[in-house]
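Take a look at the structure set out below.
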Amino acid sequence: MEMFKGKRKDKKSKHDDDYEPLIEGDLAMRCVSYTDHPHDLTYNALVRECGSIGNRHLRINFYIPPSIGRTAYLPYEGKGSISLDRTIQEVCTHGRRLDSIITRAHIKDKQRINLAILIDNSLQMTSNWQSDKLGKVVEPEKAPHVLAKIAAVSILESLGRDVDEIDIITFDDDARGPFNHWQLPPRELLKMKGGGLSRLDLGLARLLQLEWESRPGDRILFILGGGLPYTGTNIVLDDIEVQVNVLYYLNRMLRQGVKASYIPFFTNSKLIDERVGGFSPRSLADKMRQLGVAVSEINSESSLPIGLRNNFKDMMTGPKRSMPVFEI
């Protein structure tokens, strides 16, 4: 009878059968390959190498001092060293009870670490936008969007495994999130395709609405982008307001003790000095650096590992300060 027959599996198209997963070569090429043709072999090789980059260059224990142990006196629970002085003191105060036996323990307080990653998913980060602006074809693997996704996965697969809480926000015309590592896993992150404006101000505002900057412990903020925030209305004052809001929000976070970094992926030098509103992409990055944000420009895949390392080091050690010169 037909009703007891198993369901017929969907047939794969000839195009899917002919596709060969790309598991070797440049990371950018593999990222583009996975976005266009998701395949487990491509994904596993890509994530494994991104994790290797992060583990080599983003080691948080290099910059956070080890916690200092302290002695704690606790009621006896069948283990630990008994403190005679404290026990005698408790017996004299409360009498001979089991609760009066006090043990001595050496404990360490762990510092809580909060990680936030803002990812620019706007049209400005794509090769199509660059091709239209330059009047020539820009290969997809040369797009800033590809490098931003590789950097995000590298952070999540290394530093993201050592922190207590992760908040991932993507922004284009609007801010989306926050997501944790399970709500936006690397598999979905790598499939993102850019579109819309680059509203970094809305991404920062989303964090401020959550009062993320006031959470206990260390707060580490990565901004992976390169697009210039503006409204798209061709009204200069509105564009300037959006850009000033970005600086205002960042300054507010820095005053609360947030460690912030901005990594602009400037893959084409002809586009980073074009001014819209009050800033160009490069001048906005320079203004962030003046505020105290660690800024490291990344221009290609080859400069990505060392760029991540230098940016992370500058963020964790604070702004560079020149030593005073003394005359004898």
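Following the working numbering from start to finish, the sequence shown increments by one per residue and tops out at 329.
Positions of the beta carbon are idealized from the N, C-alpha and C atoms, including for glycine.
Every value quoted in this text rests on a predicted model; they were computed, and no experiment measured them.
Distance check between Lys192 and each of His38, His95 and Gly178 places His38 closest, using alpha-carbon atoms only.
Beyond the five residues adjoining it in sequence on each side, Arg253 comes within less than 8 Å, by CB distance, of Leu209 and Glu214 in the same chain, given in chain order.
If you draw a straight line from the Cα of Gly52 to the Cα of Asn235, it comes to about 41 Å. Setting aside the 5 residues that flank it on each side, His58 is surrounded in the same chain by Pro306, Leu309 and Arg310, each with a C-beta closer than 6 Å to its C-beta; the list follows chain order. Contact check between the region 261 to 279 and the region 290 to 306: three or more CB pairs, one atom from each, fall below 8 Å, which counts as touching. Boundaries for Ala144: no beta strand (DSSP E) harbours it, and the DSSP string shows neither H nor E there. At the C-beta level, Gly218 and Arg113 come within 8 Å of one another. In the three-state scheme derived from DSSP, where H, G and I count as helix and E and B as strand, Val277 is classed as strand.
Contact check for Val237 against Asp202 fails: the beta carbons are separated by 8 Å or more. Per DSSP, Asp287 is one residue of the alpha helix (DSSP H) stretching across Pro282 to Leu292. Judged by DSSP in its simplified three-state form, Glu50 adopts helix. By the beta-carbon neighbour count (other beta carbons within 10 angstroms, threshold 16), Gly136 is exposed. Distance from Leu75 to Thr104 at the Cβ level is roughly 6 Å; contact confirmed, criterion being Cβ atoms closer than 8 Å. Rounded to the nearest angstrom, the gap between the Cα atoms of Pro141 and Glu166 is 33 Å.
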